[in-house]
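Working notes for the structure below.
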Amino acid sequence: MSNFELSGSQSYIPEKSATLPSSPSGEFLVQFWGVRGLIPTPSSNTNRYGGNTACLEMQVAGKRLIFDGGTGLRILGKTWQELQQPLEAHLFFTNCQSNRIQGFPFFAPAFIVENCFHIYGTAASNGASIKQCLYDQMLQPHFPYPLQVMQSELQFYNLTPDSEVKLDDVTITTALINQTQRSVGYRVTWQEYSVAYITDLHQNADQVEQERILEFIKGVDLLIANATYTPPTSHNHDSADLLWQAAVNTAFNAGVQRLAISHHHPDDHDDFLDQVQVDIKSAFPQAILAHEGLVLSVGK
């Protein structure tokens, strides 16, 4: 690992969803556990796509990588508990907003002493580290138990944009995606395969930002991006094409092989997203709207 700061490894001593099977070391698999943006959206109108906030799992070269810890992380954790074996995994956060970290206090494997989790993130807009952000949300009155009750080994790493993390032959690089939100994207590379996870695209990025993002994701096998959206009070389905056009244009211009759009707006119900899927495929045939439980194989 290089270009990042270790934020004090520490061990804290005390105080059914479809799952990705443990992949062999020669596979690269991606599963979506939470695909909603802003706020969890449980509803009869969101059953097909899902209402949990952002959480993505990658299994690559026998390693377990998690990107973002929204409420989908709780579902992933329940499934991992069924494995009944010590776990080691790497959690990468794009930013410290609530919809990216709110599932962490409910991540059951973090309470098991035999497990080990490496946690990565950049500083928030107020300068707080990822460790501080996760710690603060578990303080009273926000949560009944502090982070210290987690019995697993937790190692925290402070990343900066343009960092590189090496996990044997798997390389994870970062880039700044959204200056306002201080959000980073991740590119995971193994052998000749690569996946980019950039979930804070916005329509008004300037040319410098756009060129930086295009260079970062150039030629990836799979791009996972958000459909840009306006705040909830002004969300308007009449301009739906504008919401996903930024992701499609980015995918085209970067020459990516496949596009998965996630982080659906809370107001986007299943029938509406079905129609969006049709529209997007007409513009980019290798695009798909992500739904909870979706599994994609990379490169093969």
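Be aware that the sequence shown starts at 17, since it is given in the numbering used here, and climbs by one per residue.
We treat Cβ as the ideally placed atom computed from N, Cα and C, and that holds for glycine.
* Same chain, Cβ closer than 7 Å to W96, five either side skipped, listed in chain order -> Sequence index remark: in the sequence shown, residue 96 carries index 80 (1-based). Hits under 7 Å: L103 and P125.
* Classify K346 as helix, strand or coil using the three-state DSSP reduction. => Look at the range of the chain in this structure, 17 to 316, and you will see that residue 346 is not part of it.
* To do: Starting from A243, trace the beta strand (DSSP E) both ways and give me its first and last residue.
  => Residue 243 sits at position 227 when you count from the first residue of the sequence shown. Run containing A243: none; DSSP gives neither H nor E here.
* **Cβ neighbour criterion (16 or more within 10 Å) applied to G42** => What you label residue 42 is simply residue 26 of the sequence shown in a count that begins at 1. Burial call: exposed.
* Asked: In whole angstroms, what is the alpha-carbon distance linking Q153 and S298?
  -> Within the sequence shown, residue 153 is the residue found at index 137, counting from 1. Within the sequence shown, residue 298 is the residue found at index 282, counting from 1. Answer to the nearest angstrom: the Cα atoms are 42 Å apart.
* Asked: Apart from the five residues just before and just after A276, which ones in its own chain have a Cβ nearer than 6 Å to its Cβ?
  -> The count along the sequence shown starts at 1 and reaches residue 276 at position 260. Cβ within range, chain order: I240, I304 and A306.
* Going by DSSP, what residues sit across from W206 in a beta bridge? -> Position 190 of the sequence shown, counting from 1, holds the residue named residue 206. In DSSP, W206 forms a bridge with V186 and Y209.
* **contact_flag[the segment 196-205, the segment 156-174] where n(CB pairs < 8 Å) is 3 or more** => no
* Asked: Where does I304 sit, in a helix, a strand or coil, going by DSSP?
  -> For the purposes of this step, residue 304 is taken as the residue at position 288 of the sequence shown. Reduced to three states, the DSSP call for I304 is strand.
* Asked: Among the residues of its own chain, which have a CB less than 7 Å from the CB of C132, if the five just before and after it don't count?
  -> On the sequence shown, residue 132 is found 116 positions in, with the first residue counted as 1. Closer than 7 Å at the Cβ level, and outside the excluded window around C132, lie E104, S168 and E169.
* To do: Compute the Euclidean distance between the alpha carbons of H134 and G309, then round it to the nearest angstrom.
  => For the purposes of this step, residue 134 is identified with residue 118 of the sequence shown, where counting begins at 1. For the purposes of this step, residue 309 is identified with residue 293 of the sequence shown, where counting begins at 1. Near 24 Å, if we compare the C-alpha coordinates of G309 and H134.
* Coarse secondary structure for S298, derived from DSSP in three states -> Taking the first residue of the sequence shown as 1, we reach residue 298 at position 282. Residue state, collapsed to three classes: helix.
* Asked: What is the C-beta distance between I146 and F109, in whole angstroms, given that I count them as a contact (C-beta under 8 Å)?
  -> Within the sequence shown, numbered from 1, the residue matching residue 146 stands at position 130. Within the sequence shown, numbered from 1, the residue matching residue 109 stands at position 93. Confirmed, Cβ separation roughly 6 Å.
* Taking the C-alpha atoms as reference points, what is the distance between I82 and N111? -> Counting from 1 along the sequence shown, the entry for residue 82 is found at position 66. Counting from 1 along the sequence shown, the entry for residue 111 is found at position 95. Their backbone Cα atoms lie some 14 Å apart in a straight line.
* Does the beta-carbon distance from G86 to G50 come in below 8 Å? -> Here the question's residue 86 lines up with position 70 in the sequence shown. Here the question's residue 50 lines up with position 34 in the sequence shown. Against a cut-off of 8 Å, the Cβ pair of G50 and G86 comes out as a contact.
* Anticipated Cβ contact below 8 Å, T138 with L217, distance rounded -> The count along the sequence shown starts at 1 and reaches residue 138 at position 122. The count along the sequence shown starts at 1 and reaches residue 217 at position 201. That pair is no contact at about 17 Å.
* Considering only C-alpha positions, which residue in the set G88, D184, D237 and N115 is nearest to Y213? -> The residue given as residue 213 occupies position 197 in the sequence shown. It is D237 whose Cα lies nearest to the Cα of Y213.
* **Simplified DSSP state of S278, which is helix, strand or coil** => For the purposes of this step, residue 278 is taken as the residue at position 262 of the sequence shown. If DSSP states are grouped into helix, strand and coil, S278 belongs with the strands.
* To do: Verify whether the separation of the beta carbon atoms of S199 and N242 is less than 8 Å.
  => Translated into the one-based positions of the sequence shown, residue 199 becomes position 183. Translated into the one-based positions of the sequence shown, residue 242 becomes position 226. Going by C-beta atoms, S199 is not nearer than 8 Å to N242.
* Where do the N-terminal and C-terminal ends of the alpha helix (DSSP H) with T95 fall, by residue? -> Working through the sequence shown from its first residue, we reach residue 95 at position 79. G88 to Q97 is the extent of the alpha helix (DSSP H) around T95.
* **Straight-line Cα distance separating E208 from D185** => Mapped onto the sequence shown, residue 185 falls at position 169. Mapped onto the sequence shown, residue 208 falls at position 192. Each residue's alpha carbon lies about 11 Å from the other.
* **Burial state of V292, where buried means 16 or more other Cβ atoms lie within 10 Å** => As a first step, residue 292 must be located in the sequence shown, where it is residue number 276. That one is buried.
* Asked: CB of S168 to nearest heavy atom of the ligand NAD: below 7 Å?
  -> No copy of the ligand NAD appears in this structure; indeed no ligand is present at all.
* To do: Compare the beta carbon distance of G67 and R90 with 8 Å and say whether it is the shorter of the two.
  => Here residue 67 corresponds to residue number 51 of the sequence shown, with the count starting at 1. Here residue 90 corresponds to residue number 74 of the sequence shown, with the count starting at 1. No.
* Proximal residues to I117 (C-beta, below 7 Å), its chain only, five neighbours per side dropped -> What you label residue 117 is simply residue 101 of the sequence shown in a count that begins at 1. Excluding positions up to five away in sequence, the list reads G85, F109, C149, L150 and Q153.
* Asked: Can you round the beta-carbon distance between R64 and D283 to whole angstroms, since I take them to be within the 8 Å contact cut?
  -> The residue given as residue 64 occupies position 48 in the sequence shown. The residue given as residue 283 occupies position 267 in the sequence shown. About 15 Å; that fails the 8 Å criterion.
* Asked: If you draw a straight line from the C-alpha of P160 to the C-alpha of G88, how long is it?
  -> On the sequence shown, position 144 is the one that residue 160 refers to. On the sequence shown, position 72 is the one that residue 88 refers to. Between P160 and G88, the C-alpha separation is close to 21 Å.
* **Which of helix, strand or coil DSSP assigns to E43** => Counted from its first residue, the sequence shown places residue 43 at position 27. In the structure shown, E43 sits in coil (DSSP, three-state: anything other than H, G, I, E or B).
* Asked: To the nearest angstrom, how far is it from the Cα of D178 to the Cα of I193?
  -> Mapped onto the sequence shown, residue 178 falls at position 162. Mapped onto the sequence shown, residue 193 falls at position 177. So the two alpha carbons sit approximately 11 Å from each other.
* **Span of the alpha helix (DSSP H) around E227** => Here the question's residue 227 lines up with position 211 in the sequence shown. That run of the alpha helix (DSSP H) goes Q223 to I233.
* To do: Sort T244, Q197 and R274 by Cα distance to G235 and report the nearest one.
  => Counting from 1 along the sequence shown, the entry for residue 235 is found at position 219. When each option's Cα is compared against that of G235, the closest is R274.
* Asked: Would you say N111 faces chain B, with C-beta separation under 8 Å as the test?
  -> The structure shown contains no chain B, having only a single protein chain.
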